[in-house]
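Engineer:
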Amino acid sequence: MRIFAAESEILAPLATGWFLENAWLIPVVPAIAFALIILIGKRLPMKGSELGVLSMAISLVLSAGTAYQWVQRVNGASEEQFVSPVVRSWSWWQSGGFDFGIGQHIDGLSVVVLFVVAFISTLVQVYSLEYLRGDRRYTHFFAALTLFSGGMLAMVLADNMILFLLGWEIMGLCSFMLIGHWWEEDANSRAALKAFFTVRTGDMGLLVGISMLYFAANDWTQANLGLSGFSIRGISAWALSGEPNSSVITIAAVALFIASIGKSGQFPLHTWLPDAMAGPTPVSSLLHSSTMVVAGVFLVARLYPVFFVGLDILGSGGNLIVIIGGITIVISAALAFVQNDIKRVLAYSTVSQLGYMMLGLGAGAWLPAVFHIFTHAFFKACLFLGAGSISHSASHHSFDMKKDMGGLRKVMPITFATWIVSTLALCGVFPFSGFFSKDEIIDNVGYNGYNTFMVVGLIGAFMTAAYMTRATYLTFFGEPRGASAGHAAHDSHSAHDSNTAHDSHSAHDSHDTHSAHDPHATPHESGLLITVPLMILSVLALSSGFLNATPFGESWERMKLWVEPRASVVFEESKSGGPGESLNLVAGVVSAEDSHSKSVCGSATPEEGVCYAPQLNHAPFKWSKAIMSMLIVFAGGAISWILSMLVFTKRDPRVAGLTSRIRLLGLGHSFLVNKYYLDHFYEKVVVRSVAYPISRAAYWFNQNILDGVLHGAARVTTKLSDWVYKNVDQRVVDNTVNNSAVLTKSVGTAAQPTQSGRVSQYGALLFSATAIAALVLVIVNT
Amino acid sequence: MFVNQFLFLAAVLFCIGVYGVIARKNAVLMLMSIELILNSVNINLLAFAMRNGSTDGHTFALYIIAVAAAEVGVGLGLVLLVYRNKKTISVDELSEMRG
Amino acid sequence: MIAQNIGFWIIAATMVVAALRVVTTNNVVHAALWLVVVLAGAAGQYILLAAEFVAVTQVLVYIGAVMVLFLFGTMLTRARIGSDSDLNNSYKKLGIPVATVMLAAMALALIRSFGDEKMPVSDNIVSTQQVSDQIFGPYLLPFWALSFVLLAAVIGAIVLARKD
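Chains A, B and C supply the protein sequences, listed in that same order.
According to our numbering, the first sequence is numbered sequentially starting from 1.
According to our numbering, the second sequence is numbered sequentially starting from 1001.
According to our numbering, the third sequence is numbered sequentially starting from 2001.
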């Protein structure tokens, strides 16, 4: 390892530790727990859930340790030094020149997401202990949940794209299994299939992108770094090396982004996320709000150099990512207005927030987007778990706000308080966490020159405040309706209730575990196993923002210090130490006149060495901008509050029923209710026109050609065998046999006269034979 | 004297004997034809004995005479027995061994 | 020499004729008598071949004993006295060609092998002494075997011809 000491910096060797070196255990523990739950879970006293919770707790401890040691590592590095990730890799399988490895790549981004996943998984598993009590497939639920966590953790710390892909697919599988947990209802299984197939459509992009990157980058990475073209470090360095062909990297970036669109529910593949609410609420809060759906964002953040160069993020005024992100923010926020199902509101809100993250990434605001992943996980999970708490204890497993909720703030104080905290965080109110992340995104988007998109972000903030206020009003204020009023309204269970826990509903009559929740009891606060996670999350929703509180100055920007990869040029002679050995890279800085000089990474090819991350800009904080955005938020909240009061409670005749009276508004309303007719388009047009003809053609092919060949062969064989039977077997073979018998018989009959019993005849024959023999002998011997 | 004349004589006698064996129906006459054959063989032997100047042929001829006598004795005994059982000595009618 | 030749030819002709009469005559007794002629002629030939002992033995045994046996057999089997038309079987027609072919083959062989070879001229007649030396010398074993054969023949003939 060559240490290149530049002019001004002393390069410190980077600290490492047991947690950093052994971070690969973090996904392994849930994987083992999954196997154990499947094998022996049903026989355990808590039906396998104890294994799940335990494994997630262990992963949480491990990831906390890893985070701590990473922080130490960063603190121990000198300024501007590239803090190289702790990478360990093992060769898994080699064939035909391809080397597939598994390994870990621990850097700031991995640490953040690892912690988030482990933390939320642990809380959700604890929550599920109470929420799914008595469920028909309790053990398998925990198995799938544990496997999901293992898969996502594996994906997060993967050091190469193949392991990344593996984790991605495991997540998709578990999402399918968990959404369709109550697959006996047709709507649930359809939702699960829709989720799976929509994400799968995007996964085409992932495969294309990975392959393209491999084939494009492999030569360079092998030559310069000794890594294969699957390695994430290798790809990042290659992208910033100026080497790649611009159209290749652009197409690869677009392909990978298509996968992100599918997984993270961006327009136009967002249609699966609201339907995914058919799964149990813990699933919604874990997968479809805080962890799985950020996998797409994570992909972009992880391979950021590819997108940075391929889509020219800081150079152009608009690129694919910001456009898609911007569209997603607005359309999903609009859809959130017309939902009656509380989980659907939250689902659309998630889509919208994911749009924010994409917007941030697309505009070069890498750190704010990653920070938003962090904060969003907490408050969104809290909101979902709160909705679950309401359905569990108040609205009799209904999620319909208009029919079964209302006035719950009095009976569910803890749920109400955590909900309010999380909503304020979501809306981005100071000092809740959302302010520090979401506003930073909007700020940096504008700072990097994407002004139209900054406006879009602000409009989105307005709409977010508005629809959340509407939802809050309908749920917690006003008069109790339906189940919240204590009416066990069985007939009001419409198709909506495909989202609800029908099993625990029927379990009411048969299981004693619901004795505490008499179906006809009045709404009440949920038990501790539900409210404690809520409280923990709301505290975090309040406080996590201070990890990167830009308004208070540089020293408060911990997240930026620890997580953001520094855009310094790195010199190394990479020697891969044997399998499992970690590479300790020591970075050098080219020339540093002042310690905050901009590195060439991202904007130009470094002359010597490699770059792993592009140089990004950070908008300086201005209180004026912050106050303006807060005003927008308050305006949205206030307007929505007033309208909600007028429409829902007071039933003001001027406002209520507006959409049925004015045709244009009515059309707009139905357009929104039908989700822009996108589902209709996908299912009836795209699927029907593509899948049905193909399936019909395939069926025709199968019946006529494949089966035809078979039948034809059978007919030919039958005819041939008939012919053979008649001609060869009957005529030739049998005749041969028969005739040989006849021949023998006739020979015998012909030879019979010689056995006449008369001596003179014998003598005659004897002597004639002798005579002839004598003659022959004499003649022959002439 | 040529050697061949004796040998030709023997050959002729032999062939006549063969004809007799084939053509005769009476068992006794068949035996007589066999005697002819044996005698032709004797002539042959003695002719060669003279040609070669040895007495082996004489010895052999004597033995043949002895054997022929024995054979005729037994043969006629057989013929008698056949006559007693079948009242005929025509060999054509002795065909129980037919296959 | 000439006398022997003439003697040979006369005897030979007689023998052949007699042999033919044996196989063609219709009378069993006549056939026996013709056989006697053949046998006598053979004895004569033996003398010409300087085999006196054998000739005498021939006369004694063959003509004396065997022929008598034949005649006895003829008598005991009630052979028809006089001409009997039923003495030839159906193979008569086969017999002539067979005999002819055989004769031809033998003739061919004889001519090829011996051609014009002449008998060695010698005056020494084989004496009885010489013959007996042979019999009781090198050919002793066959002599003993022959005695057994004769014994067996005698016993066999007695057994066969018994009236039980």
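Using N, Cα and C, we set each Cβ at its ideal position, and we do this for glycine too.
In chain order, what are the residue ranges of uninterrupted alpha helix (DSSP H) at least 4 long that sit wholly in the segment 85 to 173 of chain A?
Structural biologist: Whole alpha helix (DSSP H) segments, 4+ residues: 108 to 131, 138 to 156.
Engineer: On the DSSP bridge assignment, give the partners of residue 2088 of chain C in chain order.
Structural biologist: Answer is B:1024.
Engineer: Any C-beta of chain A sitting closer than 9 Å to the C-beta of residue 2112 of chain C?
Structural biologist: Closer than 9 Å to some Cβ of chain A, the Cβ of residue 2112 of chain C qualifies, so yes.
Engineer: Along the chain, where does the alpha helix (DSSP H) containing residue 532 of chain A start, and where does it finish?
Structural biologist: Its alpha helix (DSSP H) spans residues 528 to 543.
Engineer: Are there three or more Cβ pairs, one per stretch, closer than 8 Å when the segment 152 to 160 of chain A is compared with the segment 108 to 115 of chain A?
Structural biologist: With the cut-off at 8 Å, the segment 152 to 160 of chain A and the segment 108 to 115 of chain A touch.
Engineer: Should the segment 264 to 276 of chain A be called in touch with the segment 126 to 138 of chain A, which here means at least 3 C-beta pairs below 8 Å?
Structural biologist: No, because fewer than three Cβ pairs between the segment 264 to 276 of chain A and the segment 126 to 138 of chain A fall closer than 8 Å, the two stretches do not touch.
Engineer: Can you name the start and end residues of the alpha helix (DSSP H) that residue 2045 of chain C belongs to?
Structural biologist: Here the alpha helix (DSSP H) through residue 2045 of chain C covers 2028 to 2048.
Engineer: Along chain A, which residues have their Cβ under 7 Å away from the Cβ of residue 1097 of chain B?
Structural biologist: Chain A residues near residue 1097 of chain B: 757.
Engineer: Using only CA atoms, which one of A:274, A:178, A:229, A:134 lies nearest to residue 673 of chain A?
Structural biologist: Checking every option, the nearest Cα to that of residue 673 of chain A belongs to A:274.
Engineer: Identify the contact partners of residue 2088 of chain C in chain B, using a Cβ-Cβ distance below 8 Å as the criterion.
Structural biologist: Those are 1023, 1024, 1025, listed as they occur along chain B.
Engineer: Could you check which residue in A:226, A:428, A:135 has the C-alpha nearest to that of residue 47 of chain A?
Structural biologist: Among A:226, A:428, A:135, the Cα nearest to that of residue 47 of chain A is on A:135.
Engineer: Could you list which residues in chain B have their beta carbon closer than 9 Å to that of residue 760 of chain A, in chain order?
Structural biologist: Ordered by position in chain B, the residues that pass the 9 Å Cβ test against residue 760 of chain A are 1021, 1022, 1023, 1024, 1025, 1030, 1091, 1092.
Engineer: Please report the straight-line C-alpha distance between residue 2122 of chain C and residue 2134 of chain C, rounded to a whole angstrom.
Structural biologist: Each residue's Cα considered, the two are about 20 Å apart.
Engineer: State buried or exposed for residue 188 of chain A, treating a residue as buried only when at least 16 other CB atoms are found within 10 Å of its CB.
Structural biologist: That one is buried.
Engineer: Sort A:282, A:401, A:368, A:311 by Cα distance to residue 336 of chain A and report the nearest one.
Structural biologist: Selected option, being the one with the closest Cα: A:401.
Engineer: Pop quiz: residue 363 of chain A and residue 445 of chain A are said to be a contact at Cβ under 8 Å. What is the actual Cβ separation, rounded to whole angstroms?
Structural biologist: The Cβ separation is near 4 Å, so the contact holds.
Engineer: Could you tell me how far apart the beta carbons of residue 282 of chain A and residue 411 of chain A are, in whole angstroms, since I believe they sit closer than 8 Å?
Structural biologist: Actually they do not touch by this definition, with Cβ atoms about 22 Å apart.
Engineer: Give the secondary structure of residue 400 of chain A by DSSP, where H, G and I count as helix, E and B as strand, and everything else as coil.
Structural biologist: It is a strand residue.
Engineer: Taking residue 1095 of chain B as part of the alpha helix (DSSP H), name the residues at either end of that continuous run.
Structural biologist: Per DSSP, residue 1095 of chain B belongs to no alpha helix (DSSP H) and is neither H nor E.
Engineer: Confirm, please, whether the CB-CB distance from residue 1026 of chain B to residue 2032 of chain C is below 9 Å.
Structural biologist: Going by C-beta atoms, residue 2032 of chain C is not nearer than 9 Å to residue 1026 of chain B.
Engineer: Please tell me whether residue 146 of chain A and residue 287 of chain A are closer than 9 Å, where the distance is taken between their beta carbons.
Structural biologist: Going by C-beta atoms, residue 146 of chain A is not nearer than 9 Å to residue 287 of chain A.
Engineer: For the segment 373 to 441 of chain A, list the alpha helix (DSSP H) runs that are entirely contained and at least 4 residues long, ordered along the chain.
Structural biologist: DSSP runs (the alpha helix (DSSP H)) wholly in the segment 373 to 441 of chain A: 401 to 404, 413 to 427.
Engineer: Buried or exposed: residue 2128 of chain C, going by 16 or more other Cβ atoms within 10 Å of its Cβ?
Structural biologist: By the 10 Å Cβ count, residue 2128 of chain C comes out exposed.
Engineer: Report the rounded CA-to-CA distance for residue 2145 of chain C versus residue 744 of chain A, giving the unit in angstroms.
Structural biologist: Computed Cα separation, rounded: 47 Å.
Engineer: Looking at the unbroken alpha helix (DSSP H) that takes in residue 1058 of chain B, where does it start and where does it end?
Structural biologist: Segment 1056 to 1086, the alpha helix (DSSP H) holding residue 1058 of chain B.
Engineer: To which residues of the same chain is residue 367 of chain A closer than 6 Å at the C-beta, ignoring the five residues directly before and after it?
Structural biologist: Contacts found: 560, 564.
Engineer: Check each residue of the segment 1062 to 1088 of chain B: if its Cβ is closer than 8 Å to any Cβ of chain C, include it; give the result in chain order.
Structural biologist: Against chain C - using a Cβ distance shorter than 8 Å - the residues of the segment 1062 to 1088 of chain B are 1062, 1063, 1065, 1066, 1067, 1068, 1069, 1070, 1071, 1072, 1073, 1074, 1076, 1077, 1078, 1079, 1080, 1081, 1083.
Engineer: Per the contact definition of three or more C-beta pairs closer than 8 Å, is the segment 168 to 185 of chain A in contact with the segment 195 to 209 of chain A?
Structural biologist: Yes, they touch.
Engineer: From residue 459 of chain A to residue 110 of chain A, what does the alpha carbon distance come to, in whole angstroms?
Structural biologist: The straight-line gap from Cα to Cα measures roughly 32 Å.
Engineer: Whose Cβ in chain A lies nearer than 7 Å to the Cβ of residue 1018 of chain B?
Structural biologist: Within chain A, the residues near residue 1018 of chain B are 767.
Engineer: Comparing alpha-carbon positions, which option in B:1052, B:1054, B:1067, B:1055 lies nearest residue 2058 of chain C?
Structural biologist: Selected option, being the one with the closest Cα: B:1067.
Engineer: Can you give me the C-alpha to C-alpha distance between residue 233 of chain A and residue 540 of chain A, rounded to a whole angstrom?
Structural biologist: Near 32 Å, if we compare the C-alpha coordinates of residue 540 of chain A and residue 233 of chain A.
Engineer: Is the shortest distance between the beta-carbon of residue 778 of chain A and the beta-carbons of chain C less than 9 Å?
Structural biologist: Yes, residue 778 of chain A lies at the interface with chain C (some Cβ there is under 9 Å from its Cβ).
Engineer: Going by Cα to Cα distance, which pick from A:210, A:206, A:303 is closest to residue 258 of chain A?
Structural biologist: Ranking the options by Cα distance to residue 258 of chain A, first place goes to A:206.
Engineer: When the Cα of residue 262 of chain A is compared with those of A:346, A:317, A:355, which residue comes out closest?
Structural biologist: The shortest C-alpha separation from residue 262 of chain A is found at A:355.
Engineer: Note the first and the last residue of the continuous alpha helix (DSSP H) segment covering residue 275 of chain A.
Structural biologist: Per DSSP, residue 275 of chain A belongs to the alpha helix (DSSP H) from 272 to 275.
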